[in-house]
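Everything below concerns the one structure shown next.
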Amino acid sequence: MTNEQYILRNREADIRTLALKKTPEGVDPLWCLRQIEGYQLAKKKLPEWAATDGLWFPPRLSMEQCSSESTARYKQETVQRLMQGQKPGVFVDLTGGFGVDFSYMARGFQTAVYVERQEELCRTAGHNMRLLGLDNVTTVNADSTAYIDCLDRADIIYADPARRNTAGRKTVAIEDCTPDIGALQHKILAKSRYAIIKLSPMLDITQALRTLTNVREIHVVSVKGECKELLCVLSASNDTAATTCHCVNLGTTDKPFSCVYGSNTAVSILPPDTPLAGKLLFEPNASILKAGVQDAFAAEYRLSKLHPMSNLYVSDTEPQAEDLSVRPPARIFRIMETGDFSKSSLKTLLHGCGKGNITIRNFPSTVAELRKRLRLKEGGDDYFFATTMQSGRHVLIKCKTFINGKNINA
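Quick note on numbering that gives the first Met the number 0: the sequence shown kicks off at 0 and runs consecutively.
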């Protein structure tokens, strides 16, 4: 039996059980188990890749660290928008890795160059790109810093610096990643029209803007409410165009939100002791909060702040949209009741509630501490927001999820 036959026959099997069984003669057990495990991870993370027989998969850590299909497709759309109206040219990925991002971003270019310093990954990429039908690809086994010196010209250069040090620990700062894009950016921009840099979602955006020059776009990419990627688009042009911030939440119906980054947006603060029952409560999604553009979001949807530091907003009416399948980029709730933390108030708020979902915003406690104090199990249909009002009063806001004019589970 060949390795390929063994993999196809067993790729749905339990890896742990399979590892205990004796493999047929001619089969490399370690290689095959890695491929089967990679395929099973790809079914969830990279369905298009998983549907292509014969691909080679790297060790588990590389599979866990690689981009998902949804985030790779988002980068593909970004590249296509940047190249709109231009002739297909040259795309270069300086940090090829497993090649997921490359395989999507390279489509539509006349020439796509995959650069990777690890020889095994280069062989894997060359094999996989052929099976994926990418016949415009050249793989180069080289260090990115050395390669950029030899590069003639490219339309777009992409880099996803390794965010682990020599000890294997995660790094965040641009200068601590490999390669150091801050030191390399001027060479990159001298040889390209645009550069797209993928950074740690933990990196502070203002820090990125201090390190990188000519940043024309910032993309904060979340998947189902979890912030996954921070992308910076650098332009070789020396114009003084403002930086645009794009916030997306893939895998949801959240409407993408864009604004000029760093613009001062005036948002009204709800007057002290304004009755809240019946109002809608908005909590901006993870991308908007990460970008720090929640006030621009509030201005767009005509919302009022509960407090300058709470990141919670209210409105009397639901934002109107022609397409009801597209929602504002926020969790939306109908406020049922509010109260302080006196015994009598809590007794009223918690009546009939054995479970509850708790969120802390600008409040001197943790979720765990508050859950213990309120004696609420996790889950259920009720949502409680513990926060501070403009007057300084601590309040507990009881809500129901609100979608398209209806209170869910009310």
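Backbone N, C-alpha and C define an ideal beta-carbon position, used for all residues, glycine too.
Keep in mind the model is a prediction, meaning the values are calculated, not measured.
Neighbour-count burial assignment, residue i, 16 or more Cβ in a 10 Å radius
i	result
Q293	buried
E24	exposed
P270	exposed
E115	buried
G95	buried
G98	buried
S221	buried
H185	exposed
H218	buried
L410	Here the chain has residues from 0 to 409 only, and residue 410 is not among them.
N237	exposed
Same chain only: Cβ atoms within 8 angstroms of residue i, ignoring 5 sequence neighbours per side
i	result
R72	Y103
R106	Q75 and L133
R330	F281, E282, N284 and T400
C31	N2, Y5, I6, N9 and T22
P328	C246, N248, D253, K254, P255, F256, P283, N284, S286, I287 and F296
C-alpha distance - residue i paired with residue j, whole-angstrom precision
i	j	result
A235	R215	10 angstroms
G378	N127	43 angstroms
L54	T1	15 angstroms
L202	A141	27 angstroms
E63	P87	32 angstroms
T252	R326	6 angstroms
A409	I334	Low per-residue confidence applies at A409: pLDDT is 40, beneath 50, and the placement is therefore not dependable, though the value from the model is reported in the following sentence. When rounded, the distance between both Cα atoms is 11 angstroms.
W48	R129	12 angstroms
A158	I196	5 angstroms
I178	L93	Residue identity differs from the one stated: residue 178 is Pro in this sequence, not Ile. One C-alpha to the other measures close to 9 angstroms.
L183	A298	38 angstroms
N406	V139	Because the pLDDT at N406 is just 48, under 50, the model does not fix this residue reliably, and the value given afterwards should be weighed accordingly. Approximately 56 angstroms between the Cα atoms of the pair.
K254	T144	38 angstroms
L275	V313	8 angstroms
K371	K21	51 angstroms
S286	R192	27 angstroms
K397	L150	59 angstroms
A353	Q39	The question names Ala, yet the displayed sequence has Gly at residue 353. G353 and Q39: Cα-Cα distance of roughly 39 angstroms.
F383	R152	55 angstroms
G404	K346	Confidence is the limiting factor: at G404 the pLDDT is only 49, short of 50, which leaves the residue's position unreliable, though a coordinate-based value still follows. Each residue's Cα considered, the two are about 29 angstroms apart.
I147	C258	33 angstroms
G351	D380	12 angstroms
T123	F332	48 angstroms
R162	K169	6 angstroms
E228	A18	35 angstroms
A367	E68	35 angstroms
L349	I359	17 angstroms
Sequence-distant residues of its chain with Cβ nearer than 6 angstroms to residue i (five each side left out)
i	result
F56	Q34 and G37
K42	A49
D213	Per the sequence shown, the amino acid found at residue 213 is Asn instead of Asp. L233 and S234.
V89	T110, A153 and D154
C121	E115, T138 and N140
V266	D294, A297, A298 and K304
K289	V219 and C226
Nearest neighbour of residue i, chosen from the options [CA to CA]
i	options	result
S410	L279, C65, N9 and K86	Residue 410 cannot be examined here, being either before or after the span of the chain that is shown, 0 to 409.
H245	I147, A295 and K223	A295
K304	V222, K278, K289 and A285	K278
K223	G250, Y300 and E336	G250
L211	L188, E228, I357 and V219	L188
M82	T264, Y5, Y312 and I156	I156
G355	A385, K342 and F362	A385
N263	G291, V247 and E317	G291
F108	N135, E317 and G353	N135
Y113	R209, E119 and T137	T137
G181	R163, C231, C226 and C258	C231
A207	K227, E225 and L233	L233
T110	L348, L395 and F101	F101
G84	S69, D154 and A18	D154
K190	G261, V91, S69 and T243	V91
C78	A240, A161, A194 and D13	Position check: residue 78 holds Val in this sequence, whereas Cys was assumed. Of the candidates A240, A161, A194 and D13, the one whose C-alpha sits nearest the C-alpha of V78 is A194.
E336	V394, P28 and P46	V394
I268	P363, I357 and M388	M388
L131	K227, I14 and P46	P46
E317	Q117, Y300 and T16	Y300
Own chain partners of residue i with C-beta closer than 7 angstroms, once the 5 adjacent residues on each side are dropped
i	result
D272	S390
R392	D339
D412	As shown, the chain starts at 0 and ends at 409. That puts residue 412 outside it, with no answer to give.
S364	A385
P307	I268
G125	T138
The ligand GDP heavy atom lying under 7 angstroms from the CB of residue i
i	result
T170	As presented, the structure is devoid of all ligands, the ligand GDP included, so that no description of it is given.
Problem - Segments assigned alpha helix (DSSP H), at least 4 residues, entirely inside the stretch 193 to 232 - result: 204 to 210
Practice task
Return the chain-ordered ranges of every beta strand (DSSP E) run that is complete within the stretch 275 to 324 and spans a minimum of 3 residues.
Solution key: 279 to 283 and 312 to 314
Practice task
Let me know the alpha helix (DSSP H) ranges lying completely inside the stretch 84 to 119, each 4 residues or longer, listed in chain order.
Solution key: 99 to 104
Practice task
Jot down the residue ranges of each uninterrupted alpha helix (DSSP H) in the stretch 140 to 164, minimum 4 residues, whole runs only, in chain order.
Solution key: 143 to 149
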